[in-house]
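> Once you've had a glance at the structure underneath, I'll fire off some questions.
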Amino acid sequence: MTIISKKNVSDIISYEFWEMYGLNNRRSILTHTGAWSKFIQKKQQGAFYRDRKNVHGSKLKISSEMCNTTTGKTLQEKYAFLKIEREINCILLNLIQYIHNFSIGIAQGERLDIISGFMEESLVNITDVIAQTYPFRKTFILKNPVGGNKNILIKPFSPKVWYMFILLIFITTALLKILLSVLHAFEMVDDKSWSLVILILLSTICLEGSPIESHFLSFRVFVYTCLLSSMMLYNYYSSNVVSILLTKPAPNIKSLADLRKANIKLGVENIPNYYKPESELLTTNDFNAVLNLSEAIVAIKGGDFAYYTEPATRYKLLQERLTFLEACSLVEIDLVPVAFVTVMARKKMEFKELLKITYRILIERGFLNREIRRLLERKPVCLAHVDYTVLTLHDLAVAFIIYSAGAILSVIALLLEHLYVRIVNIYQKKTQ
Numbered sequence: 514m515t516i517i518s519k520k521n522v523s524d525i526i527s528y529e530f531w532e533m534y535g536l537n538n539r540r541s542i543l544t545h546t547g548a549w550s551k552f553i554q555k556k557q558q559g560a561f562y563r564d565r566k567n568v569h570g571s572k573l574k575i576s577s578e579m580c581n582t583t584t585g586k587t588l589q590e591k592y593a594f595l596k597i598e599r600e601i602n603c604i605l606l607n608l609i610q611y612i613h614n615f616s617i618g619i620a621q622g623e624r625l626d627i628i629s630g631f632m633e634e635s636l637v638n639i640t641d642v643i644a645q646t647y648p649f650r651k652t653f654i655l656k657n658p659v660g661g662n663k664n665i666l667i668k669p670f671s672p673k674v675w676y677m678f679i680l681l682i683f684i685t686t687a688l689l690k691i692l693l694s695v696l697h698a699f700e701m702v703d704d705k706s707w708s709l710v711i712l713i714l715l716s717t718i719c720l721e722g723s724p725i726e727s728h729f730l731s732f733r734v735f736v737y738t739c740l741l742s743s744m745m746l747y748n749y750y751s752s753n754v755v756s757i758l759l760t761k762p763a764p765n766i767k768s769l770a771d772l773r774k775a776n777i778k779l780g781v782e783n784i785p786n787y788y789k790p791e792s793e794l795l796t797t798n799d800f801n802a803v804l805n806l807s808e809a810i811v812a813i814k815g816g817d818f819a820y821y822t823e824p825a826t827r828y829k830l831l832q833e834r835l836t837f838l839e840a841c842s843l844v845e846i847d848l849v850p851v852a853f854v855t856v857m858a859r860k861k862m863e864f865k866e867l868l869k870i871t872y873r874i875l876i877e878r879g880f881l882n883r884e885i886r887r888l889l890e891r892k893p894v895c896l897a898h899v900d901y902t903v904l905t906l907h908d909l910a911v912a913f914i915i916y917s918a919g920a921i922l923s924v925i926a927l928l929l930e931h932l933y934v935r936i937v938n939i940y941q942k943k944t945q
């Protein structure tokens, strides 16, 4: 209320009086606002807004939710694991304390004025939301799956293409057998055996030429057709191999179902409190591991591993132990929506509207975003660069296996052929 006091006949003084109610105290405040005299019409002492926003050192009891997430970690990881939401809330509270001139007290078994944490159902009826501050998110971090390097020489074609290719070989062999039988019936070819048929077909497909020189148009058309189809098949095959080596497909893991179906290992950070979907996912996966960051980085570098953690506090150590290209190419997969740390005040708190307006001013003027950008660790941005794919022995193992199998089969066929010829010669000598 405003109080007008008449000091004498010509002087009038005005005051503003209000009472402040706390949990355990009640204070009356009287502020001098102005004066009038015969010579001075109005004399204002002090800014009205400044006096209104000044809570005169009232003690507010504030609590902040904290999680013990540094159990069992090294000293470096403990130092790196900063609770950013706590820092942001402390910075904002210090600004508000400077603006409104209140003091912060430690609650000792008493009710709280302000708390910060996640809004829960149990808090709806006893608190009012003041503002949302820190965006808390946990995600799976994994190396970008390149794909196409394992068994690359047998992957360009789908199984159906391989089945049709084998069927084409059988059909072509049968047609060539029929053609040679017809030519033999007209005494145009001396040999119509299966060995000759297979030899002609394999020599044509392998681009080695044919041992038979025929003057018949049908036979030539058949050989040229096999030669042309095999060349097209080889060109398409080699182009697919090159395209797979040069192309890095985007990760196709976008949801919890995709991650559950994917053939990758999962690990979770050693945090006591984590969401229920995470525990369900780990129980259905073959790799149920709770790892610290040092062990997880080794697994991430190896590939085919996803680590569930809070990225805001982990990218600093990841950048120290990974190369720049490895760090910037990491993939994040969110499983749950972002949860905001909320600042709440108790019901019917006398400073509730004042704090709401102040928090809104700080957010609109960019104080909150500035502190989040300053404290939050983010994934580095990949710059323009020339990347390359290293071919290892593992990538070319299939080629060596196929080549070795062909060489072994050719040696076996040669030995069998010599053995067959020797047996035939021995048999002929005995019959003579």
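Positions 514 to 945 (the numbering used here) are the ones given, in order, by the sequence shown.
Note that CB positions come from ideal geometry on N, CA and C, so glycine has one too.
#1: Drop a sphere of 10 angstroms on the beta-carbon of phenylalanine 895, count the other beta-carbons inside from all chains shown, and report buried for 16 or more, exposed for fewer.
#2: Taking only the alpha-carbon atoms, compute the straight-line gap between glutamine 629 and alanine 910 and give it to the nearest angstrom.
#3: Check whether the Cβ atoms of phenylalanine 649 and valine 854 sit closer than 8 Å, and answer yes or no.
#4: Just verifying my parser: in three-state terms, what is the DSSP assignment at arginine 873?
#5: Less than 7 Å between the CB of proline 893 and some heavy atom of the ligand NAP, yes or no?
#6: For tyrosine 828, which residues of its own chain have a beta-carbon under 8 Å away from its beta-carbon, when the five flanking residues on both sides are left out?
#7: Check whether the region 671 to 687 touches the region 868 to 881, taking contact to mean three or more Cβ pairs, one atom from each stretch, closer than 8 Å.
#8: In whole angstroms, give me the CA-to-CA distance for isoleucine 643 and lysine 778.
#9: Can you tell me which of Asn638, Ala926, Lys865, Lys656 puts its alpha carbon nearest to the alpha carbon of leucine 838?
#10: Is it true that the CB of leucine 772 sits closer than 8 Å to the CB of isoleucine 654?
#11: Report the rounded CA-to-CA distance for tyrosine 820 versus isoleucine 885, giving the unit in angstroms.
#12: Specify the secondary structure class of glutamine 941 as computed by DSSP and reduced to three states.
#13: Looking at leucine 605: is its Cβ nearer than 8 Å to the Cβ of threonine 646?
#14: Using three-state DSSP, classify isoleucine 654 as helix, strand or coil.
#15: Please identify the residue among Val856, Leu746, Leu928 whose C-alpha is closest to the C-alpha of leucine 636.
#16: So, is glycine 622 buried or exposed, given that buried needs 16 or more other C-beta atoms within 10 angstroms?
#17: Using only the alpha-carbon positions, how far apart do leucine 680 and proline 672 sit?
#18: Apart from the five residues on each side of it in sequence, which residues of its chain come closer than 6 Å, Cβ to Cβ, to isoleucine 619?
#19: With H, G and I counted as helix, E and B as strand and the rest as coil, what does DSSP make of alanine 775?
#20: Expressed to the nearest angstrom, what Euclidean distance is found between the alpha-carbon atoms of isoleucine 939 and tyrosine 747?
#21: Can you give me the Cβ contacts of valine 695 inside the same chain, cut-off strictly under 8 Å, excluding the 5 residues immediately before and after it?
#22: Compute the beta-carbon to beta-carbon distance between leucine 875 and leucine 881, rounded to the nearest angstrom, for a pair I have assumed lies under 8 Å.
#23: Among Cys603, Glu823, Tyr749, Glu863, which residue has its Cα nearest to the Cα of lysine 651?
#24: Classify glutamate 930 as helix, strand or coil using the three-state DSSP reduction.
#25: Under three-state DSSP, which class holds leucine 843?
#26: Tell whether a beta-carbon distance below 8 Å holds between leucine 806 and leucine 835.
#27: What residue from Met744, Ala770, Ser751, Leu692 has the CA that sits closest to aspartate 847's CA?
#28: Count the other C-beta atoms from every protein chain shown that fall within 10 angstroms of the C-beta of methionine 862, then say buried if there are 16 or more, exposed otherwise.
#29: If distances are taken between C-alpha atoms only, which option among Tyr916, Tyr933, Glu845 comes closest to isoleucine 813?
#30: Might you give, ordered along the chain, the residues of its own chain that have their beta carbon closer than 8 Å to the beta carbon of aspartate 804, omitting 5 neighbours on each side?
#31: Would you identify the three-state DSSP class for glutamate 633, choosing helix, strand or coil?
#32: Between leucine 689 and leucine 741, what straight-line distance do the alpha-carbon atoms span, to the nearest angstrom?
#33: May I ask you to report which of helix, strand or coil DSSP gives glutamate 782?
#34: Please classify alanine 809 as buried or exposed, where buried requires at least 16 neighbouring CB atoms within 10 angstroms.
#35: Can you give me the start and stop residues for the alpha helix (DSSP H) that isoleucine 810 sits inside?
#36: Quickly, what does DSSP pair tyrosine 820 with across the bridge? List them, please.
Considering the structure as presented:
#1: The sequence shown places cysteine at residue 895, rather than the phenylalanine named in the question. Burial call: exposed.
#2: The identity of residue 629 in the sequence shown is serine, whereas the question assumes glutamine. For serine 629 and alanine 910, the distance between alpha carbons rounds to 58 Å.
#3: Against a cut-off of 8 Å, the Cβ pair of valine 854 and phenylalanine 649 comes out as a contact.
#4: Of the three classes helix, strand and coil, the one that applies to arginine 873 here is helix, per DSSP.
#5: The ligand NAP is not among the ligands present in this structure, which contains no ligands whatsoever.
#6: Contacts found: Ala840, Glu890, Arg891, Lys892, Pro893.
#7: Because the criterion of three Cβ pairs below 8 Å is not met, the region 671 to 687 and the region 868 to 881 do not touch.
#8: Their Cα atoms are separated by approximately 41 Å.
#9: When only C-alpha atoms are compared, the closest one is Lys656.
#10: Not a contact, by the Cβ cut-off of 8 Å.
#11: C-alpha separation (whole angstroms): 23 Å.
#12: Here DSSP, grouped into helix, strand and coil, assigns glutamine 941 to helix.
#13: Yes, they are a contact pair.
#14: In this structure, isoleucine 654 counts as strand in the three-state DSSP scheme.
#15: The option with the nearest alpha carbon to leucine 636 is Val856.
#16: In this prediction, glycine 622 scores a pLDDT of 45, lower than 50, which makes its location untrustworthy; the coordinate-derived value is nonetheless stated afterwards. Label assigned to glycine 622: exposed.
#17: Each residue's Cα considered, the two are about 12 Å apart.
#18: Caution applies to isoleucine 619, whose pLDDT of 46 falls short of 50 and renders its modelled position unreliable; the value that the coordinates give is listed next. Once the five neighbours on either side are set aside, isoleucine 619 has no close Cβ partner at all.
#19: In the three-state DSSP reduction, alanine 775 falls in the coil class, being neither helix nor strand.
#20: It is roughly 44 Å from the alpha-carbon of isoleucine 939 to the alpha-carbon of tyrosine 747.
#21: The answer is none, since no qualifying residue turns up.
#22: About 6 Å separates the CB atoms of leucine 875 and leucine 881; that is less than 8 Å, so the two are in contact.
#23: Lysine 651 has its Cα closest to that of Glu823, out of Cys603, Glu823, Tyr749, Glu863.
#24: Here glutamate 930 sits in helix by DSSP.
#25: Strand at leucine 843.
#26: Going by C-beta atoms, leucine 806 is not nearer than 8 Å to leucine 835.
#27: Of the residues Met744, Ala770, Ser751, Leu692, the one whose Cα lies closest to the Cα of aspartate 847 is Ala770.
#28: Burial is judged here by how many other beta carbons sit within 10 angstroms of a residue's own beta carbon; methionine 862 has at least 16 and is buried.
#29: Each of Tyr916, Tyr933, Glu845 was checked against the Cα of isoleucine 813, and the nearest Cα belongs to Glu845.
#30: Contrary to the premise, residue 804 reads as leucine rather than aspartate in this sequence. Counting only Cβ-Cβ distances below 8 Å, and skipping sequence neighbours, we find Gly780, Val781, Glu782, Asn783, Ala812, Tyr820.
#31: Here glutamate 633 sits in coil by DSSP.
#32: Take the alpha-carbon of leucine 689 and the one of leucine 741: they are about 16 Å apart.
#33: Assignment of glutamate 782 by DSSP, reduced to helix, strand and coil, places it in the strand class.
#34: Only buried fits alanine 809, as 16 or more other CB atoms lie within 10 angstroms of its CB.
#35: Per DSSP, isoleucine 810 belongs to the alpha helix (DSSP H) from 806 to 815.
#36: Per DSSP, Ile654, Gly780.
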